[in-house]
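Just so you know, my numbering puts 74 at position 74 of the sequence shown, and the rest follows in order with no gaps. See below for the structure under consideration.
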Amino acid sequence: MYRPIAARQLHRPHVIRVRMMKEQALSGRERPTVGRLAVYLVLTAAFTGLIAGGANAAGAYDWVYQDLDRPAWLLPGGLLTMFWVAKSMLLAFALWSVERFGREGWRWLGAAGVLGTIACGVAWTVTFFFMRDLSFSLLVVLASWVTTVFAAWAVGRASVGAGAFLWLPLIFQSYALAASFEMMRLNTGL
């Protein structure tokens, strides 16, 4: 509901900004509920399990750990899978949190950044594990790193609490970028 600004409030711009932010917040009926969070988490777990199972069935872990030259600091496959699941869960929670608590304008930008990060993660999985193209997967993981940085920034602007959930995915994505670069360098002769 719009209320006219009193003349005595014109010298206090912070009051005007706070009032405008409160007026733009979602009402209780429009906010995503905990049920939507549960759906996000279940879908994330199912999809991540499907991808990990498909990569294992395609022999991707044997390809990475037996056929390719890899850096000594590359984590074991089981540990990387656990980090991938944790990253996906944090992305799902950040998406729900920014939709529920984010400020107007930034909320949709933050959600788009998180969805872009998820899409790039799926594209990296397809190019690396299924297509087995190290050079193209490096470009995809670089795009994923850029979208993760953008998502962390946009979600942090929308909701500081939701932005905190994207720091661990950003760290994991930085590790994945370094590992992908090193594997490409070792196996393509660069």
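Idealized CB from N, CA, C, for every residue including glycine.
Supposed contact pair residue j and residue i - C-beta distance, whole angstroms, cut 8 angstroms
{"i": "L170", "j": "V141", "result": "Contact doesn't hold; Cβ gap of about 13 angstroms is too wide."}
{"i": "F129", "j": "A58", "result": "7 angstroms"}
{"i": "V122", "j": "A94", "result": "At roughly 17 angstroms, the Cβ-Cβ gap does not stay under 8 angstroms, so V122 and A94 are not in contact."}
{"i": "S88", "j": "T127", "result": "In fact, because the Cβ distance is near 18 angstroms, the residues do not count as touching under 8 angstroms."}
{"i": "L190", "j": "M184", "result": "7 angstroms"}
Nearest candidate by alpha-carbon position, reference residue i, set the options
{"i": "G78", "options": "A55, G113, M89", "result": "A55"}
{"i": "A60", "options": "S144, R107, M131", "result": "M131"}
{"i": "L48", "options": "P32, W84, L80, T33", "result": "According to the sequence as given, residue 48 is Thr; it is not Leu. Out of P32, W84, L80, T33, W84 has the C-alpha closest to the C-alpha of T48."}
{"i": "W106", "options": "G163, M183, L190", "result": "G163"}
{"i": "P32", "options": "L190, A111, T147, G189", "result": "A111"}
{"i": "F172", "options": "L75, V64, A52", "result": "L75"}
{"i": "T147", "options": "A158, W73, L166", "result": "L166"}
{"i": "L168", "options": "A86, M184, E182, R185", "result": "A86"}
{"i": "S159", "options": "W108, A143, I51, G53", "result": "W108"}
{"i": "S174", "options": "S144, L190, G189", "result": "S144"}
{"i": "A52", "options": "W73, Y65, L80", "result": "L80"}
{"i": "L50", "options": "N187, T125, L186", "result": "T125"}
Query - Touching by the beta-carbon criterion (3+ pairs, under 8 angstroms), the stretch 104-120 and the stretch 60-77 - result: Counting Cβ pairs under 8 angstroms, fewer than three are found: no touch.
Query raised in the report: Do three or more CB pairs link the stretch 134-146 to the stretch 94-106 at distances below 8 angstroms?
Result: Under the 8 angstroms Cβ criterion, the stretch 134-146 does not count as touching the stretch 94-106, having fewer than three qualifying pairs.
**Report entry** beta strand (DSSP E) runs contained entirely in the stretch 45-92, provided each spans 3 or more residues
**Finding:** Taken in chain order, no unbroken stretch of beta strand (DSSP E) lies wholly in the stretch 45-92 with a span of 3 residues or more.
**Report entry** Stretch-stretch touch, CB-based, cutoff 8 angstroms, three pairs: the stretch 146-166 with the stretch 33-46
**Finding:** Here the stretch 146-166 does not lie against the stretch 33-46, with fewer than 3 beta-carbon pairs under 8 angstroms apart.
**Report entry** Entirely enclosed alpha helix (DSSP H) segments - the stretch 92-124, minimum 4 residues
**Finding:** For the stretch 92-124, there is no continuous alpha helix (DSSP H) assignment of 4+ residues that stays within its boundaries.
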